[in-house]
Amino acid sequence: MLDRSARIVVANEASAVIFGFDLSRAEGLHLIEAVPNIELERRVEEALTGEASLGPLIVPGRMGNRTYALSAYPVTNRNDDIVGALVLAADQTEFVALDRARQDFLSNVSHELRTPLSSIKLMLETVLASPEEEAADLFLPQALAQVDRLTALVGQLLEQARTQAGQVTLDLREVDLEAIAAPIVASFEPQAAAKGVTLELQALRPVTVEADPDRLAQVFVNLVDNALRYTPPGGTVRVRLDADGADALLRVRDTGIGIPYKSLPHIFERFYVVDRSRARLTSGAGLGLSIVKQIVDAHGGSITAESTLGKGTTFTIRIPILRLRNA
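Quick note: the sequence shown uses the numbering used here, first residue 13, plus one each step.
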């Protein structure tokens, strides 16, 4: 609440938190002294002239900007004279973020589905329009590859929907990490060899965890596939299994192109792609790492990423150990 001169008459604790002023010293301060925000001052001045307003207000802070639904009303006495202003602010930051995420989700899904569908349509039209068998031999395998891409994307979308809805079901059992990782690494060896990338598995000691083997396999597949896609010929992708105290350690390290520092905090977000033009070439939809994080979280573990641009990236997963056997 402000008086006719825009000085604070009363303020609650929430307003002090929102606008970042000292509540014990607020009374009597001019608004601009307590809250150095030009837009807020303008809205209050309008209220003091009799014009109520309702709209968003962005307040910068050390942890980033926050968005508030702000209302400013004139306060009158019995004679309808304006004697002050009332300011109400409700934190809308999370709602704004959710709405932005919803819009991004719809935009990204539409784009990711439209691209392979357009390619399939063009290839099939070319085959139908050409009487030569060479056209079918050339374009039908490519169309099938695009269908496989669509199938994988739809599978990721369904997996994402289930995990977002809290439907990550785990079939927990005692599993040896090397028994899970070894066949997956072996399955990627032809792809790595064709690209000229060295793929290694290092099991420093046998480690048993209580986990869902199929879900852990998803984690390995996503991380190894991701590392191979972004590692140039002559590079190395190394999968290392170890233990640290009560945690099993799963590390996937590559000597690839790396991730910009500003992008690291966002790589586990749905549909986040560091370079979307680069993703077009590598078929990245920005879902794999998000799914990996949700699976790791469901196991009570954690995942982190370290990267140096141009030198490579390391993903480290920690999962509680069920039993550590002597090597």
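Idealized CB from N, CA, C, for every residue including glycine.
Do residue 217 and residue 254 have their C-beta atoms closer together than 8 Å? Yes, these two residues count as a Cβ contact at 8 Å.
Quick check: the Cα distance between residue 224 and residue 308, rounded to an integer number of angstroms? Going from the Cα of residue 224 to the Cα of residue 308 covers about 10 Å.
Return the Cβ separation of residue 85 and residue 69 in integer angstroms, given the expectation that the two are a contact with Cβ distance under 8 Å. Rounded, the Cβ-Cβ distance is 15 Å, inconsistent with contact.
Return the bridge partner residues of residue 68 from the DSSP annotation. For residue 68, which the question treats as bridged, DSSP gives the partners 81.
Quick one: residues in its chain with C-beta nearer than 6 Å to the C-beta of residue 292, no 5 flanking neighbours on either side, listed in chain order? Reliability fails at residue 292, whose pLDDT of 44 lies under 50, so the model's placement of it is uncertain and the value that follows must be treated cautiously. Only residues of its own chain outside the window of five on either side were considered, and among them none has a CB closer than 6 Å to the CB of residue 292.
Could you tell me which residues DSSP puts in a beta bridge with residue 255? 260.
Nearest neighbour of residue 28, chosen from 101, 50, 15, 280 [CA to CA]: Closest option to residue 28, judged by alpha-carbon separation, among 101, 50, 15, 280: 101.
From 17, 306, 163, 134, pick the residue whose C-alpha is nearest to that of residue 53; which is it? Out of 17, 306, 163, 134, 17 has the C-alpha closest to the C-alpha of residue 53.
So residue 333 and residue 259 are supposed to be a Cβ contact under 8 Å. How far apart are they, rounded? A Cβ-Cβ separation of about 6 Å places residue 333 in contact with residue 259 under the 8 Å criterion.
Any chance the stretch 192-199 sits against the stretch 131-151, with 3 or more Cβ pairs inside 8 Å? No: fewer than three Cβ pairs fall under 8 Å.
Cutoff 7 Å; reference residue 105; Cβ partners in own chain excluding five residues on either side: Result list for residue 105: 78, 79, in chain order.
Alpha carbons only, please: which of 300, 32, 20, 278 is nearest the one belonging to residue 167? Closest option to residue 167, Cα to Cα, is 300.
Only counting the same chain, and skipping five residues up and downstream in sequence, which positions put a Cβ closer than 7 Å to that of residue 208? Excluding sequence positions up to five before and after residue 208, its CB lies within less than 7 Å of the CB of 245, 246, all in the same chain and listed in chain order.
Can you pull the DSSP bridge partners for residue 214? 252, per the DSSP bridge assignment.
Under DSSP, the alpha helix (DSSP H) around residue 199 begins and ends at which residues? Counted as a single uninterrupted DSSP element, the alpha helix (DSSP H) harbouring residue 199 occupies residues 189-207.
Should residue 324 and residue 268 be called a contact, given that it needs their Cβ atoms to be closer than 8 Å? Their beta carbons are under 8 Å apart, which means residue 324 touches residue 268 by this criterion.
Would residue 240 pass as a contact of residue 204 if the rule is Cβ separation under 8 Å? At the C-beta level, residue 240 and residue 204 come within 8 Å of one another.
When the Cα of residue 215 is compared with those of 202, 257, 237, 261, which residue comes out closest? Looking from the CA of residue 215, the closest CA among 202, 257, 237, 261 belongs to 261.
By alpha-carbon positions, which one of 252, 82, 91 ends up nearest to residue 236? Distance check between residue 236 and each of 252, 82, 91 places 252 closest, using alpha-carbon atoms only.
Can you check whether the CB of residue 302 is closer than 8 Å to the CB of residue 318? With contacts defined by Cβ atoms closer than 8 Å, residue 318 and residue 302 do not form a contacting pair.
How would you call residue 270, buried or exposed, if buried means at least 16 neighbouring beta carbons within 10 angstroms? Residue 270 is buried by the Cβ-count criterion.
Kindly indicate which residue of 34, 38, 64, 55 has the alpha-carbon position closest to the one of residue 20. Shortest Cα-Cα distance from residue 20 to any of 34, 38, 64, 55 involves 38.
Taking the straight line between their C-alpha atoms, what separation do you get for residue 152 and residue 71? In a straight line, the C-alpha of residue 152 is about 55 Å away from that of residue 71.
Going by DSSP in three states, residue 329 sits in which element: helix, strand or coil? Three-state result, residue 329: strand.
From which residue to which residue does the alpha helix (DSSP H) around residue 223 run? Where residue 223 is concerned, there is no enclosing alpha helix (DSSP H), although the beta strand (DSSP E) it sits in stretches over 219-223.
Could you name the residues that DSSP lists as bridge partners for residue 19? Beta-bridge partners of residue 19 (DSSP): 42.
Can you check which of these residues, 222, 198, 139, is closest to residue 330 by C-alpha distance? For residue 330, the nearest C-alpha among the options comes from 222.
What separation, rounded to the nearest whole angstrom, lies between the Cα atoms of residue 263 and residue 326? C-alpha separation (whole angstroms): 7 Å.
Helix, strand or coil: how does DSSP classify residue 265 here? Residue 265: strand per DSSP, three-state reduction.
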